[in-house]
Amino acid sequence: MTETDSFWLKDLVVLGQGAPNQISKIGGQQSRCLCLWSDKTGFVRVYPVPHGYVHDWEIINAEVRKPTNDGRENSYVVLNYEQEWKNLSKRIYAQKEINRKGNKVNKKLKRPEQIALLESLAKSTFSQIRDNGKSFGLIKPKSMKFMLKQNKETSEAQTTLIDLDYDIMNQNDFAFLPSLHYECDGPCSSKAPHEQKIVEWGAYQWMRQNPNSEEHCMQLKDNYHIEEENYLHYVLIGNIRKYTTTYVVVKLIRFKIEEEENVSE
Ligand SMILES: [Zn+2]
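In the numbering used here, the protein residues as written are 541 to 805.
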């Protein structure tokens with residue numbers, strides 16, 4: 541790999557972070573995969589990224605290269621992560637701005653800007669995303685239901701089912717796996733409701749507190765405010781590396797609708 545194979549991706553908005561997985565090249569340390577968006581690139585996937593470098597809605601820059609074993613569109617690897625894992629701040633960082641108090645802070649989209657961006661991106665249905673071979677898509681569902689499934693899969697089955705990017709640490713420790721059933725609002729040729737596994741890290745952090753309690757795990761439904769009328773939801777889905785027509789829920793983005801707000805299509 542030479543320096544000329546690398547390039548910068550700039551002005552990317554952090555939309556979501558997948559659940560951590562272990563990377564063997566860096567001694568099994570945990571990393572995650574980012575879903576990002578910019579006007580110039582559209583949706584992109586950047587990995588592996590250590591915890592805590594960037595946060596949702598921040599505007600970031602990243603120095604990347606093309607992966608060697610990932611055929612999905614717009615997927616990139618952080619340059620030199622193998623050597624620089626302990627400090628990748630030269631390769632991936634949030635842009636800065638000066639806030640009203642005069643302090644230098646990470647540049648981040650504000651709530652109305654977040655919603656405006658999501659509204660502009662959530663124009664497709666599931667079959668449109670899948671049939672166009674898109675790596676990511678954002679769906680504003682007409683309806684959705686939260687489901688908790690008993691985890692009956694063997695470890696072997698899971699490694700084939702779950703993508704490297706979204707491989708959930710110690711998934712066998714979890715008695716239950718969350719999934720989302722939803723229907724698109726628009727023309728969709730795929731059988732509905734669509735049933736997709738939720739891989740958002742926050743869901744597993746929640747379940748970890750009491751992993752064998754169905755009641756506790758089921759509270760994810762309330763955490764996500766599913767089937768609550770005063771909440772606005774967007775489903776960020778991504779495909780998996782081995783089976784590119786299989787999608788998982790990377791993030792279930794939600795906003796409480798405020799009285800004065802007029803959210804329209
Ligand atoms: Zn659909």
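The beta carbon of each residue, even a glycine, is placed where N, CA and C say it ideally should be.
Query: Relative to ligand 3, is the shortest distance from any of its heavy atoms to the C-beta of C724 smaller than 6 Å?; Result: Ligand 3 is not part of this structure, which contains only ligand 1.
Query: Kindly indicate the opening and closing residues of the alpha helix (DSSP H) around L576.; Result: Per DSSP, L576 belongs to no alpha helix (DSSP H); it is in the beta strand (DSSP E), Q569 to S578.
Query: Report the three-state DSSP secondary structure of S615 (helix, strand or coil).; Result: strand
Query: Considering only residues of the same chain and omitting the five flanking positions on each side of N830, which have a CB-CB separation below 8 Å?; Result: This structure gives no information on residue 830, because the portion of the chain shown stretches from 541 to 805.
Query: Counting along the chain, where does the beta strand (DSSP E) carrying W548 start and finish?; Result: F547 to Q557
Query: From L701 to Y787, what does the alpha carbon distance come to, in whole angstroms?; Result: With a pLDDT of 42 at L701, under the threshold of 50, the modelled position of this residue cannot be trusted, and the question is left open.
Query: Near N646, what residues of its chain come up, given a Cβ to Cβ distance below 6 Å and the 5 sequence neighbours on each side ignored?; Result: E598 and A634
Query: Identify the residues that DSSP records as bridge partners of L792: which are they?; Result: V775
Query: Quick one: what does DSSP say P681 is sitting in, helix, strand or coil?; Result: coil
Query: Kindly indicate the opening and closing residues of the alpha helix (DSSP H) around P588.; Result: Per DSSP, P588 belongs to no alpha helix (DSSP H); it is in the beta strand (DSSP E), G582 to V589.
Query: Give the list of continuous alpha helix (DSSP H) stretches no shorter than 4 residues that lie fully inside the stretch 616 to 660.; Result: 621 to 624
Query: With a threshold of 16 other CB atoms inside 10 Å of the CB of R640, please say whether the residue is buried or exposed.; Result: exposed
Query: For L628 versus V604, is the C-beta spacing smaller than 7 Å?; Result: no
Query: Cβ of S730 within 6 Å of any heavy atom in ligand 1?; Result: yes
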